[in-house]
Structure formats: structure tokens, C-alpha cells
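Counting with mature numbering (1 follows the signal peptide of the UniProt record, and there is no 0), you get residues -18 to -1, 1 to 547 for the letters of the sequence shown.
Have a look at the structure below before the remarks.
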Amino acid sequence: MEFTAFIILVVSVILVSGQNLGPIEESSWTKECQEETLEPVSGTVEGHIPDWIKGRLTKVGPGVHHFGNYKYLHLFDGQALLHQVTLLNGTATYHSRFLESDTYKANKAANRITVTEFGTAAFPDPCGSMYGMFSSIFEMKMSDNLNVNVLQVQDEMIVMSELDSVRAVDPITLETLGDKIILKEHMVVHRATAHPHVEKNGTTYNLGTKISAVGPEYTVVKLPMGRIQEAKVVASVPARWKWDPAYFHSFAITDNYFVIIESPLVTSVARIVLALLEDGVPNDFIVWLDGENTVFRVIDRNTGKDISTKFVANAFFAFHHVNAYEKDGNLILDVCATKNGKTVMEALFFDNIKKSPKDPSKLIHHTEMHRYVLPIKGVKSAVIGEELLKSCEDAKLRECNPFHHNNYVTAHDLTYSSAIKVSEDEVFVQPMQINHKCFEMPRINYNYNGLPYRYAYGVSQEGDSLDLTTLLKIDTYTGKDLHWSDPSYVISEPIFVANPSGKDEDDGAILSLLMHVDQPQNVTLLILNAQDMSEVARVVFTAKGNITPLFHGQYVGDNENIHFY
């Protein structure tokens, strides 16, 4: 394998041994779809779909978890299945289609796993020679199984993951169009996130990793109207660890800054080299660096470089940013935080997912909404040891008691955000816990992306279960929440659709696709009033095959010229 290809593999892929273990066991996260719903089916409407909701809700997730007798080991590995609901004049239709990736077609033709995924290695041809089986380990193809998110800024819809390629699909029929688009052929990155940001003029930004002569770098690229073919690098900063680039899934953007959370969850080059020789496991590849901290990389959009102040926090990991904004010389950053990113990855292996909630060995990752406040101005003039957020209104909940500075740092209890100057160019920050409930897959009214905002919507889980059972609305001013749940359903990410005639931030609807617990071919579009989380309508569809878990997606309104998240 060429060295460049090997480095791309290092940054992009986790390899473990595939196993011939037979059919997969059914659970809410392991359901599979054996038949697409290619022709749109009409839904039965309960309630009333608001007249102003006219458009398409497209989501993607893992749809197939095995080929022949060979099964995937991790939730991230399932082959991509696209789902779409089209709403018009108070009615709705549903259809679905597998992404016709090179990986999916090869697996289907061979009736086995032929391409390495995030948590499962390609299984060599059982009819091949011993030499062929051995050499195939060192000649791995790159997967183009894109099962994380979709992006449509104007006419083109792109399906994305965290690999080295993306694919275009027809935004109406969901048919896969043309060949995969290799990122490095159009931009100086080897992988990119599946959570780009779209500005009001259609300019799209995404964060990637590239390998240079000085080691791995984090690179922000600018995509006019989301067009990858016109990508331009606007910022690039070196990774903190030369051979251990941090893993990230999303990033933040404001008027003047890009923000990267560089946590100690890293891809270890040394561990991958060893694992290629020693039949490695995920712990050998994705490593949590005990004893290290998390650093906020704040990049000036004008210079494309780190600002002079270094912001350090106790170690944490975040898949998802909620929002970020600037106010009164501070950068406010809301994230879904968890203490150890390694636990998150391990918890999503099917062997763990299928364990009983009563099993003490079952791993549970619990993420909560935390607020970090990074003081951009006033650091140089402050004295070492000074609390820099004394006058920052957004560093505390509106209904909390005043600051108690005498024991603020030593007894920090997540009631307030803290920022202490520890040296001339370093600030130690601690978060405020906005809400104590589990909170993931966050969405906001996207008109407020990168701007001061108040409300966030997301999913939650109960107790020791990994099932997503509750939709939450969190008020970032007070920390209070509203929720919706129904024990008959497993929920998916909420998507906010703004009322075009509304004036308030939360004047709109929440759309979520639901999986029925006992009726595997039942998929329901749930529509909630985003202000009070009351149910407005349900639209129930019967698909051709089983409904499978969903990761992320996008609503595209018929009357929009540019589409956001």
C-alpha cells in the first residue's frame, strides 16, 4: 500500500477482525431493512399538518448489518439507507433507498463483508488462497459507506460520513448519481466531518484533517453553495500531538471564529501499525490519553490561525456542538459533553448494545449539555489567578444565585462557567451544566446558528438503556426543559422547521421520524409545536421493509432558495 493511502487509512479507519457469527439479533439499534420502499407510500394523518410545512425531510442511517453469514460489529458500520418524507398541502409520502456505494455493491455481490468499516475488518474471500487472504489485510480498500448525514444547499444533495469521499444522490428519488467524489481530489483534506455549517448566502464550511510534512493538521475549507469542486482552504492549524490527531465529529462557527474541540480521544498511528501486525482491537486504534486535557482551538476567521490565548479544560469529549456565539468579548460554546470518549466508542459495539440494562458490564455513555465561556478580550490585562467571567451574564443560569468567588474554583459544581487566567497566554475553563438530563443529537433554529440563542432540541435516553426514548427542549437561559415521549416508539433526531411568519425563536415545528417498537415496518413522522412540545400531528406509513435507526438529516423547504440545517 502506498504511504499516503496508509496515512489516510490511519486517520479514517478503525480495524477489527470480522467474525462469522450468523444472523444478527434484533433490538432497536440492530434492526435491518431487507427491502427498500422505492415507490412513495401515502401516510395516514392523525391531527393536522400545518399548511406552511411544504418540503422534504431526508435522513440517513445504518440499514444493513450483515452480508451472508458475516456481520458488522459496530453501529457505525451498517450500510447506508436513505429515508425521505415529502410533505405537501397537508399530506405526506414516504420512501427509502439504499445508497449504491461501491462498498454496498461489492458486499452484496460477494455476499460477505469485502471492505473494512469503522469497527469491522473486511473478511477475505473464503475461496481464495492463503497468500491472498494474508495480502488482502495489507491492501484494504477505503469504504464509501456514507451513513451519517446529508447536505443540500441548492440543487445537489450530498451524502456524507467521516471518510475520504462523499456521494451525490437525486434529492427527489434518492438514486445514487455517478461515481463517488474523492475529497483529496478537490481539497487539501483526507477526511472531513459530516456536520458542515451553511451561511445565509449559501457559503458552506467544513472541518477536515490533512497530512502534511509537519504532521497532521486541522483544516477548514470553504465550499461556495456547498460545491466540493470549488473548495478553498481558509484555515489550517497543526494538531497538538504530531502522531496522534484528535478525533472530532463536528465543530463550531461564529462571526469571527472557528472553534475545534481537541480532546484526548485520538487516532494513534503507532497503535494502528502494531494492530496491522497483531490482529488489533478498537482500543489499539482509538486511544483515550489518560492524564491529558482538552484544548479549545479558537481560529481567527480573518487570519486562519489560532488566536494567541490558549483555552484548556479538564478532559472531556463531545460528538456534537449545540451552538456558539460571541457576546461582550466572550465566546460562548454549548456542547454535548461526556467525560471519556473511549467509553462512547466502546458502548456502540453491538455486543454491548444487546446487553441487558441490568448487566453491570454494560457500558453507558451519558452526555449532558455544558456551556464553556472563553474570554476573548481582557485576558492580557487580567492578573494571573483572576476569574474572568465575573460580569458575564451568559456564564450563569438566569435563576441561579450570585457568584461565590471565595470558593468558586476549588468547589466548582457546574453551576457557573468559569475562566481563570493561569499564565500570560493560557486560561483554564470549567463548564456550566445547563441541564442534568442526557442530551444528544442537538438541533436549533438554524437562523440563530453562530448567534445568541435560547432554545435547543435533542434526544434523550432513560436510565441504563441506550434506546432513544425522549425528545427534549432545553431553555439555555434557565436550564429548564420540556419533553415528549411515547413508550411505543424509539425516536430520532429532532429537526426544527421555522414558521415563515413567526417572530419568536421557537415559533416553528419539530419533525422527528419514529420507529415502532412492535411493528417493524411502521414509520411515523411526528410533528410537534416547538414552543410547548405539544403534539400537532402524526403521519403513519407502512414501509416495504423494516425501519432502521437514523443518524442525521435535513429538511428542505419548497420555498427556500438556500437550504440550511
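Virtual Cβ for every residue (Gly too), placed ideally from N, Cα, C.
Count the other CB atoms within 10 Å of the CB of residue 372; is the residue buried (16 or more) or exposed (fewer)?
exposed
Classification of residue 328 by the beta-carbon crowding that lies within 10 angstroms, buried from 16 upward
buried
Distance between residue 269 and residue 263 (C-alpha atoms, nearest Å)
Any reading at residue 263 must be qualified, since the residue scores a pLDDT of 41, below 50, and its modelled position is unreliable; the value itself is stated next. Going by the C-alpha atoms only, they are around 11 Å apart.
Would you mind working out which of 94, 461, 188, 311 sits nearest residue 416, comparing C-alpha positions?
461
Residue from 376, 334, 206 with nearest C-alpha to residue 183:
206
Could you please give the first and the last residue of the uninterrupted beta strand (DSSP E) stretch that includes residue 164?
158 to 164
Report yes if the C-beta distance between residue 178 and residue 186 is below 7 Å; otherwise report no.
Taking C-beta atoms as the reference points, residue 178 and residue 186 count as a pair closer than 7 Å.
Uninterrupted alpha helix (DSSP H) stretches inside the region 295 to 361 (no shorter than 4 residues)
323 to 329, 332 to 335
Using beta-carbon positions only, say whether residue 78 and residue 65 come within less than 7 Å of one another.
Contact annotation: residue 78 and residue 65 have beta-carbon atoms nearer than 7 Å.
Would you call residue 159 buried or exposed, if buried means 16 or more other Cβ atoms sit within 10 Å of its Cβ?
exposed
Given residue 490, which residues of its chain have a CB within under 7 Å of its CB, disregarding the five upstream and five downstream residues?
Cβ neighbours of residue 490 beyond the five flanking positions: 427, 478, 479, 480, 481, 484, 512.
Residue range of the alpha helix (DSSP H) that includes residue 88:
It spans 84 to 92 - the alpha helix (DSSP H) in which residue 88 sits, taken as one unbroken run.
Among 138, 142, 161, 520, nearest to residue 473 - alpha-carbon criterion
Nearest of 138, 142, 161, 520 to residue 473, Cα basis: 520.
Helix, strand or coil, according to DSSP, for residue 398 in the structure here?
strand
Please go through the same chain and pick out, in chain order, the residues whose beta-carbon is closer than 8 Å to the beta-carbon of residue 367, but skip the five residues on each side of it.
402, 403, 404
Checking 7 Å against the spacing of the C-beta atoms, do residue 279 and residue 242 come in under that value?
yes
Under the three-state reduction of DSSP, which class applies to residue 71: helix, strand or coil?
coil
Minimum C-alpha distance to residue 53 - residue among 294, 95, 144, 244:
95
What do you reckon, are the CB atoms on residue 316 and residue 305 nearer than 7 Å?
yes
In terms of alpha-carbon separation, which member of 202, 332, 143 lies closest to residue 286?
Nearest of 202, 332, 143 to residue 286, Cα basis: 202.
Could you tell me whether the region 244 to 252 touches the region 228 to 236, where touching means 3 or more Cβ pairs closer than 8 Å?
yes
Check whether the Cβ atoms of residue 559 and residue 420 lie closer than 7 Å to each other.
With the chain represented from -18 up to 547, any question about residue 559 goes unanswered, as that position is not in the structure.
Only counting the same chain, and skipping five residues up and downstream in sequence, which positions put a Cβ closer than 8 Å to that of residue 542?
37
If you measure between the beta carbons of residue 281 and residue 240, is that distance less than 7 Å?
yes
Pull the bridge partners of residue 534 from the DSSP assignment, please.
42
Under the rule that 16 or more other beta-carbon atoms within 10 Å means buried, what is residue 196, buried or exposed?
exposed
Residue 66, DSSP secondary structure in three states:
Of the three classes helix, strand and coil, the one that applies to residue 66 here is strand, per DSSP.
Relative to the C-alpha of residue 102, which candidate in 454, 531, 58, 139 has its C-alpha closest?
58
What does the alpha-carbon distance come out to for the pair residue 381 and residue 15?
48 Å
Out of curiosity, what's the CA-to-CA distance linking residue 17 and residue 502?
12 Å
State yes or no: is the C-beta of residue 176 within less than 7 Å of the C-beta of residue 130?
yes
Residue(s) in a DSSP beta bridge with residue 527:
Note: residue 527 sits in no beta bridge, so no partner.
Whole-angstrom distance between residue 362 and residue 457, CA atom to CA atom
33 Å
Cα-Cα separation between residue 495 and residue 505, rounded to whole angstroms:
7 Å
So what does residue 455 bridge to, in DSSP terms?
Residue 455 pairs with 439, 464.
Does residue 134 come out as helix, strand or coil in the three-state DSSP assignment?
strand
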